[in-house]
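From first to last, the protein sequence lines stand for chains A and B.
According to my numbering, the residues represented by the first sequence are 1088 to 1235, in order.
According to my numbering, the residues represented by the second sequence are 68 to 638, in order.
Scroll down for the structure; my scribbles are underneath it.
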Amino acid sequence: MHLHPRPTAPIGTFALATALVAALAVASITVATAAAPPALYTTAQAAAGHADFETHCSMCHGKDLQGITGPTLVGPAFASESNNYTVSAIFDELSQQMPAGAPGSLTNTQYADIMAFILSKNGYPAGDSPLTYDAAQNSTTKLISRVK
Amino acid sequence: MTSRSLRLKSCLLGSALFAFALPALAMAQPAYPVVTQSRLDNAAHSKGWLMFNRSYAGDDYAPFAQITPKNVGSLKEVWSSPKVDIPNGFEDAPVINGDYMFVTTPLDHIMAFNAKSGKLLWKYDYTNPQATFKTLCCDTDNRGVAVYDDMVFMGTLDNHMLAFDAKTGKLLWNTALEEPGIGYSITGAPLVVDGKVIIGSGGGEYGARGFIVGLDAKTGKLAWKLYTIPSPAEPGGKTWPAGAYKHGGGSPWMTGTYDPATKTLFWGVGNPGPWLATMRPGKNLYSDSLLAMNPATGKIKWHYQYTRNDTWDYDGVNTPQLTNIKYEGKSYKAIIEANRNGYFYAINRLNGKLIYAKPFVNDTSILGIDKTGHAINNPKTMPALDKQIFTCPSFLGGKNWWPGAVDPQTNMAYVPTLHACMTMKGVPTSYAAGLPYLGETFEMKPDPATPNELGSLQAIDLSTGKQVWQFTSKEPWDAGAMATSGGLVFSGTTEGTLDAFDAKTGKLVWTSPNLGSGIIADPVSYEIDGKQYIAIWSGWGGVWPLWSGKLGASLATAPRGGQLHVFALND
């Protein structure tokens, strides 16, 4: 049976870097403890990212990230379990190719902030430490949208 | 029985309101002339416009002489469609058969109009699943339909082919060719040859291995499928590093052409994936190539590769137009193609040998043509990891998809041209289904040779490959061109006017009132009851506003929304 992530009871499949970790994650599912997605950014950072998103991204991806001529950036149509994306894979597209037609034209901080905003809209919680450009670039954390 | 069948029919239509109107429409329905293979073979002489590029030759040339440079000034809009409130680019070329006109809009909606009166006969609104929109590089385009027998065929962004009853809009079959959201999409108009509906896939920016299919027109069943990137066991398979063919791109996303005399289908293939050539040493067949194929089986007869080991996104999908030319004293049955790589090609269509290739824009990517008749890539302008280059033309090419026209009266090709360059730099990439697979960053720049002119419409002498006239524009020339035997060339502008040029001299002889939004579509012409009509979609969008960066700033807030406009001479 295909398991759909739900906001109320997300099934954690993050950080599957090694088979050992994978086995632990499976074990956590079997005991039905909903693994919380990791906190990778701060609330203030996501707010800053929201403002940058409105200015540089929303004309193609939509104010609610629903997608217009650019793809949706929220929900399973963006990042499903079967897509199996990492934060770094999405951040590479963001930081290398975007904004379309002017790649790399934002600052490292702006790119990290926008990534934080995208994570926040996909059910990833805020924490105490901001997401840095380097951390986003190297993050093997799975990006599987927690929202429908 | 009658009311039941009407109710069933009305279920197929989008709105309840429209259903009420159906009984009246059904009674007023014009007769539908059946489209036979013979009519398709002779489409060039039809009073209608029976396929995307008008005829199998793909020449966008209409043999109607009622409208001329002398009287074009009294051209008036005789009907228009309701405004379609979709903020994306309208790239459809209407198809006209008898009194029926079939058009499509972005997001895969199809409508049939009475071509004379503008009355809506039927419509069908297709819905694409959300995952579809993840893997569209260049807007939600639909370039139109094909007609055959009493059916109309349309491809969809989520990789389906649909067949409709031409008179009623009833959906007859719906064949899924691929899953959406992985990389594939369909934006082109199909071509029908001998009972096969032929279409190619898009997705070269997402590592989708391109394919062309032939479907049985009656049933929608797959008759053949050709992958444009061969596996290692097939001819050409060794032009790729091991395993690279699986995500090698090569999207044949535009409509092909056909030579009934030799029963040969011609189809252009797009860029290899990823964009960064250093990741896939080799010629990378059949990317950026012209394929000559058997339309009954999909088997390749021969190929000609325009750009080998491409790293600049120089798709080879621009319309391969069939025409007979004389060059240096010899006569040829030729194909001409204004390529993305900035060269204007004439190729012998019987054997795939080059006749000539000459640059039609400022070109620093291609150094010239070698002894074997192939383009020589400039190694200095090929990017690598952390090596940034500047080159011309840009990734949108000297000419993009907009169809050009070939005029046998003037012996000229009319080429909508883009004058822009770009920077490119290699970046690491790895394949992930549903994400772009490029390995390069890229940014459009003005052409130092013509910094104040992004576009032009130019006429090229088929006997020399040289420019005869050019009409330049500050904004890109972003729309198709059609020629008529009345001595005119029609094309749209980014500002939103339909313009007419004297085919011989390039003099602008008519400009329409502003049609509400910029034009990126191809005009068509047809004749009913002795009256010549010109039809064009307005509706700004497409690839330019998405990827032009700073060069597109002046059009960033251009009005959006589509509308079909039909013109004829004032009586």
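Cβ coordinates follow ideal geometry from the N, Cα and C atoms, glycine included.
- Contact between the segment 148 to 168 of chain B and the segment 582 to 590 of chain B is established, with three or more Cβ pairs separated by less than 8 Å.
- Contact with chain B is found for A/T1156, since one of that chain's Cβ atoms lies less than 8 Å from the residue's Cβ.
- Our two residues, A/S1175 and A/T1156, have alpha carbons roughly 23 Å apart in a direct line.
- Under the three-state reduction of DSSP output, B/T286 falls in the coil class, being neither helix nor strand.
- For the segment 1169 to 1188 of chain A, the beta-carbon criterion of a distance under 7 Å to any beta-carbon of chain B is satisfied by N1170, Y1172, A1176, E1180, Q1183, Q1184, A1187, G1188.
- Distance from the CA atom of B/S615 to the CA atom of B/T561, rounded to whole angstroms, is 14 Å.
- Any Cβ of chain B closer than 8 Å to the Cβ of A/P1124 would place that residue at the interface, and such an atom is absent.
- B/K263 and B/L332 have their C-alpha atoms some 12 Å from each other.
- The shortest C-alpha to C-alpha distance from B/W604 to any of B/F220, B/T242, B/M168 is the one to B/M168.
- Exposure of B/I443 is indicated by the presence of fewer than 16 other C-beta atoms within 10 angstroms of its C-beta.
- Contact annotation: B/C488 and B/T458 have beta-carbon atoms nearer than 8 Å.
- Taking all protein chains shown into account, B/S268 has 16 or more neighbouring C-beta atoms within 10 Å of its C-beta and is therefore buried.
- When the beta-carbon positions are compared, B/P154 and B/G608 come within less than 8 Å of each other.
- Within a 10 Å sphere around the beta-carbon of B/D377 sit 16 or more other beta-carbons, which makes this residue buried.
- The residue from B/N637, B/D108, B/L636, B/K541 with its alpha-carbon nearest to that of B/P513 is B/K541.
- Assigned with DSSP and collapsed to three states, B/D108 falls in helix.
- C-alpha of B/G409 to C-alpha of B/T374: approximately 11 Å in a straight line.
- At a cut-off of 8 Å between beta-carbon atoms, A/C1144 makes no contact with chain B.
- Note on the segment 529 to 559 of chain B: whole beta strand (DSSP E) runs with a minimum of 3 residues are 534 to 540, 548 to 551, 555 to 559, in chain order.
- For B/W307, no chain A residue has a C-beta closer than 7 Å to its own C-beta; the minimum C-beta separation is roughly 24 Å.
- Around B/I367, the same chain offers L358, M360 as residues with beta carbons nearer than 6 Å, after the five sequence neighbours per side are excluded.
- Bridge partners of B/F568 according to DSSP: B/V556, B/L575.
- Under the criterion of beta carbons closer than 8 Å, B/G493 and B/P483 do not qualify as touching, at roughly 31 Å.
- For A/A1164, the residues of chain B that pass the 9 Å Cβ criterion are P196, Q197, A198, T199, F200, K201, G248, in the order they occur in the chain.
- The beta-carbon separation of B/W544 and B/L485, rounded to 7 Å, stays under the 8 Å limit for a contact.
- Note on geometry: alpha-carbon atoms of B/L565 and B/E144 lie some 11 Å from one another.
- Going by DSSP, A/S1182 is part of no beta strand (DSSP E) but of the alpha helix (DSSP H) stretching over 1174 to 1184.
- Put simply, the backbone Cα of B/T448 is about 48 Å away from that of B/M218.
- Against chain B, a Cβ distance below 7 Å from A/G1191 picks out T508.
- The C-alpha of B/A233 lies about 8 Å from the C-alpha of B/Y99.
- If you draw a 10 Å sphere on the C-beta of B/T477, you find 16 or more other C-beta atoms in it, and that means buried.
- When only Cα atoms are considered, B/P136 and B/F538 end up about 16 Å apart.
- The segment 339 to 352 of chain B makes no contact with the segment 421 to 430 of chain B, as fewer than three CB pairs between them are under 8 Å.
- Counting C-beta pairs with one atom in each stretch, the segment 389 to 401 of chain B and the segment 501 to 518 of chain B have fewer than three that are closer than 8 Å, which means they do not touch.
- B/T254 is a Cβ neighbour of B/D208, given a cutoff of 8 Å.
- In this structure, B/D355 sits away from B/Y394, with a CB-CB distance that is not shorter than 8 Å.
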